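A short worksheet on the structure shown next.
In structure tokens, the structure reads:
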């Protein structure tokens, strides 16, 4: 079953996992807080700092968009360093990487995908 990523809702917010969507400044969201608020179990405590990283990341010109898989892409973002050799996007990388490997037992994941399962069960 394919999930309707083009519809409004949490699944539509997950579209930003795609590096091509992030690079499209006109279509990528200006804030990551709406997405993080749906995944509190894996979101960092300070979502404002994460949102600041998101804003910087969207503007960052040296993002290596390549043929990497989506999880590899977000994990590799952790390696982008500032002048003090600290990760520029540590919180963002951690959160986005975690989103790519959501475990179905997480309550936040179960709540999001259970309507899809109900729909699937009704169709079959």
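In UniProt numbering, the protein residues as written are 1 to 124.
Every residue, glycine too, gets a C-beta built ideally from N, C-alpha and C.
Every value quoted in this text rests on a predicted model; they were computed, and no experiment measured them.
Range covered by the alpha helix (DSSP H) that runs through residue i
i, result
"residue 89", "Note, residue 89: premise wrong, no alpha helix (DSSP H); not H, not E."
"residue 73", "70 to 77"
"residue 63", "Looking at the DSSP string, residue 63 is not in any alpha helix (DSSP H), and its letter there is neither H nor E."
"residue 33", "33 to 36"
"residue 26", "Run containing residue 26: none; DSSP gives neither H nor E here."
"residue 55", "47 to 59"
Reference residue i; option with closest CA among the options
i, options, result
"residue 57", "102, 20, 68, 100", "20"
"residue 99", "86, 71, 90", "71"
"residue 37", "22, 13, 88", "13"
"residue 24", "32, 33, 59, 82", "59"
"residue 26", "35, 16, 34, 33", "16"
"residue 62", "47, 69, 82, 48", "82"
"residue 39", "84, 69, 86, 11", "11"
Test item: CB-CB of residue i and residue j under 7 angstroms
i, j, result
"residue 92", "residue 50", "yes"
"residue 89", "residue 53", "yes"
Do the region 36 to 45 and the region 76 to 89 meet, that is, are 3 or more Cβ pairs less than 8 angstroms apart? By the Cβ test, the region 36 to 45 is not in contact with the region 76 to 89, since fewer than three Cβ pairs between them sit closer than 8 angstroms.
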